[in-house]
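Peer 1:
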Amino acid sequence: MVKTKSSGLSNHTSSKIPWNDLALIAVCFIWGINFSVIKISLVYFDPLAFNAVRFPMAALVLLAMLKLKGPIPVPKPEHYVKIILLGILGNIVYQLLFIYGIDKTLAGNSSLLLATVPIWTLLLATTLNKERHGTAVWSGIVITLIGIFFVVSGNERNFSLTEEPPVGDLLVLTAAITWALYTVGSQNLAREYGALPVTAWTLCIATPGLMLFGLPSLWSMDLKNVPVLSWVGVCYAGVMALAVSYYFWNYSLEKIGAPRTAAFSNLVPVIALGVALIWLGEIPSKPQLIGTGVILVGLWLTRQGNSQHSKTSRTTKLDES
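Counted the way the working numbering counts, the sequence shown spans residues 561 to 881.
Take a look at the structure:
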């Protein structure tokens, strides 16, 4: 009797309070704030040292959260090599590109360029898995690519071949493509084990490598002169932006599905731009503002088209069965 009442209350409460939506909005705020937090922390931390500190924290917290959920799954031996390669690609290579990229560009630019991951994922999935997509998806991809051009070349100096190229933007853009490749490569494993265990495995595999890369820089730093705010930033970027956010994002992915979950990620660059404006005084140029709007429209159009494509595919499979 008690169990029945408790279950009924839980269902009634959950029907009134959209916990999954609230969790996703919280994750978007955590990720949006994280770009500025990293920029502030990198004033005192070397990029490699920054990752060497935050990743062990992230790995421990994520494993603890997984353990609370139940026994941590163990991959099959035939998947070991693939998981190791994905860990190197999705966390070591990606993180090196990202952390050096954001160190050399604006926090707002970084958030916008990383928001294009779904575009590169679709392009890679189309190329590698021979997936088909409709006009809306391809229109969204083209529009997003145009927006990227405006963002990367947003400062007038970037139009001139005699000036320095936008190295930071290009590194972050390469990081986005790298993460898309990781996403496509891990799809089959995620279907078999779940996205969260795969994320935890690859993150834990990458942690020793990132520590190895970062320890010399960390050793050479005068840690006594690093302000408390920077240490808080490292903890935030590790615990909140990696472990906690990954956990709730993948949990929502399982509960409400990819299309609805993905729609929330459009909030991240908007929040990141606002926080960067307030905290860092980053004022986007006119081309960057245009690029921001164009990218958001392109992402929305792509996700709408992809969502419709997924529904059509499911309907076709049901009809065939």
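For glycine and all other residues, C-beta sits at the position ideal for the given N, C-alpha and C.
Keep in mind it's a predicted model, so treat the numbers as computed, not measured.
1) Hey, would you say P607 sits closer than 8 Å to Y654, going by beta carbons?
2) Is the separation between the beta-carbon of I648 and that of A766 shorter than 8 Å?
3) Helix, strand or coil for K599, going by three-state DSSP, please let me know.
4) Report the rounded CA-to-CA distance for L730 versus A586, giving the unit in angstroms.
5) Helix, strand or coil for S670 per DSSP?
6) For the segment 748-796, list the alpha helix (DSSP H) runs that are entirely contained and at least 4 residues long, ordered along the chain.
7) Out of curiosity, what's the CA-to-CA distance linking Y604 and S713?
8) So, is V613 buried or exposed, given that buried needs 16 or more other C-beta atoms within 10 angstroms?
9) Tell me the residue span of the alpha helix (DSSP H) that contains D606.
10) Look at the Cβ atom of L672, then the Cβ atom of P787, and state whether they are nearer than 8 Å.
11) Is E814 helix, strand or coil by DSSP?
12) Could you give the DSSP three-state label for V634: helix, strand or coil?
13) Please classify E842 as buried or exposed, where buried requires at least 16 other C-beta atoms within 10 Å of its C-beta.
14) For G650, name the three-state secondary structure that DSSP assigns.
15) For G858, which three-state DSSP category applies?
16) Rounded to whole angstroms, what is the Cα-Cα separation between I600 and A836?
17) Report back the beta-carbon spacing between T862 and L682 to the nearest angstrom; my notes put them in contact at under 8 Å.
18) Would you identify the three-state DSSP class for K642, choosing helix, strand or coil?
19) Put I843 into one of helix, strand or coil per three-state DSSP.
20) Taking a contact to mean a Cβ-Cβ separation below 8 Å, would you say M625 touches C795 in this structure?
21) Would you mind stating whether A803 and L622 have Cβ atoms separated by less than 8 Å?
22) Let's see if you can read the secondary structure: which residues bound the alpha helix (DSSP H) around L837?
23) Taking C-beta to C-beta, are W680 and A609 nearer than 8 Å?
24) Starting from I577, trace the alpha helix (DSSP H) both ways and give me its first and last residue.
25) For W761 versus I643, is the C-beta distance shorter than 8 Å?
26) So what does DSSP say about S699, is it helix, strand or coil?
27) Does the beta-carbon of I598, which I'm using as the reference point, lie nearer than 7 Å to any heavy atom of the ligand GDP?
28) Between the alpha carbons of G769 and L775, how many angstroms are there, rounded?
Peer 2: Looking at the coordinates:
1) Locating residue 607 in the sequence shown gives position 47, where the first residue counts as 1. Locating residue 654 in the sequence shown gives position 94, where the first residue counts as 1. If you check the CB distance, P607 and Y654 do not come in under 8 Å.
2) As a position in the sequence shown, residue 648 is number 88, starting the count at 1. As a position in the sequence shown, residue 766 is number 206, starting the count at 1. Against a cut-off of 8 Å, the Cβ pair of A766 and I648 comes out as a contact.
3) Position 39 of the sequence shown, counted from the start, is the residue given in the question as residue 599. Residue state for K599 is assigned as helix, using DSSP reduced to three classes.
4) Mapped onto the sequence shown, residue 730 falls at position 170. Mapped onto the sequence shown, residue 586 falls at position 26. In a straight line, the C-alpha of L730 is about 29 Å away from that of A586.
5) To locate residue 670, count along the sequence shown from 1; it is residue 110. S670 falls in the helix class under three-state DSSP.
6) Whole alpha helix (DSSP H) segments, 4+ residues: 755-780 and 788-795.
7) Sequence index remark: in the sequence shown, residue 604 carries index 44 (1-based). Sequence index remark: in the sequence shown, residue 713 carries index 153 (1-based). So the two alpha carbons sit approximately 28 Å from each other.
8) Counting from one through the sequence shown, the residue named residue 613 turns up at place 53. Classification of V613: buried, given that the 10 Å Cβ count is 16 or more.
9) Here residue 606 refers to the residue found at position 46 when the sequence shown is read from its first residue. No alpha helix (DSSP H) contains D606, which DSSP labels as neither H nor E.
10) As a working mapping, residue 672 is identified with position 112 in the sequence shown. As a working mapping, residue 787 is identified with position 227 in the sequence shown. In terms of Cβ geometry, L672 and P787 do not form a close pair [threshold 8 Å].
11) Within the sequence shown, the letter at position 254 stands for residue 814. Three-state DSSP puts E814 in a helix.
12) Reading the sequence shown from its first residue, position 74 is the one you call residue 634. Coil.
13) Counting from one through the sequence shown, the residue named residue 842 turns up at place 282. Buried is the call here.
14) The residue you call residue 650 lines up with position 90 of the sequence shown. In the structure shown, G650 adopts helical secondary structure according to DSSP, grouped into three states.
15) As a first step, residue 858 must be located in the sequence shown, where it is residue number 298. It is helical.
16) Against the sequence shown, residue 600 aligns to sequence position 40. Against the sequence shown, residue 836 aligns to sequence position 276. Rounded to the nearest angstrom, the gap between the Cα atoms of I600 and A836 is 10 Å.
17) As a working mapping, residue 862 is identified with position 302 in the sequence shown. As a working mapping, residue 682 is identified with position 122 in the sequence shown. Going by Cβ atoms, the distance from T862 to L682 rounds to 7 Å, so yes, they are a contact pair.
18) Translated into the one-based positions of the sequence shown, residue 642 becomes position 82. The DSSP-derived three-state label of K642 is helix.
19) Translated into positions along the sequence shown, residue 843 becomes position 283. Per DSSP, reduced to three states, the secondary structure at I843 is coil, with no helix or strand assignment.
20) Within the sequence shown, the letter at position 65 stands for residue 625. Within the sequence shown, the letter at position 235 stands for residue 795. The beta carbons of M625 and C795 sit no closer together than 8 Å.
21) Mapped onto the sequence shown, residue 803 falls at position 243. Mapped onto the sequence shown, residue 622 falls at position 62. Here A803 is near L622, since their CB atoms are less than 8 Å apart.
22) Counted from its first residue, the sequence shown places residue 837 at position 277. In the DSSP assignment, L837 falls outside any alpha helix (DSSP H), carrying neither H nor E.
23) Here residue 680 is taken as the residue at index 120 of the sequence shown, counted from 1. Here residue 609 is taken as the residue at index 49 of the sequence shown, counted from 1. For W680 and A609, no; Cβs fall outside 8 Å.
24) Along the sequence shown, one-based indexing puts residue 577 at 17. Counting along the chain, I577 falls outside any alpha helix (DSSP H), and DSSP gives it neither H nor E.
25) If you number the sequence shown from 1, residue 761 lands on position 201. If you number the sequence shown from 1, residue 643 lands on position 83. The Cβ atoms of W761 and I643 sit closer than 8 Å to each other.
26) Locating residue 699 in the sequence shown gives position 139, where the first residue counts as 1. Correct three-state label for S699: helix.
27) By its list of ligands, the structure shown contains no ligand whatsoever, and the ligand GDP lies outside what it can speak to.
28) The count along the sequence shown starts at 1 and reaches residue 769 at position 209. The count along the sequence shown starts at 1 and reaches residue 775 at position 215. Near 10 Å, if we compare the C-alpha coordinates of L775 and G769.
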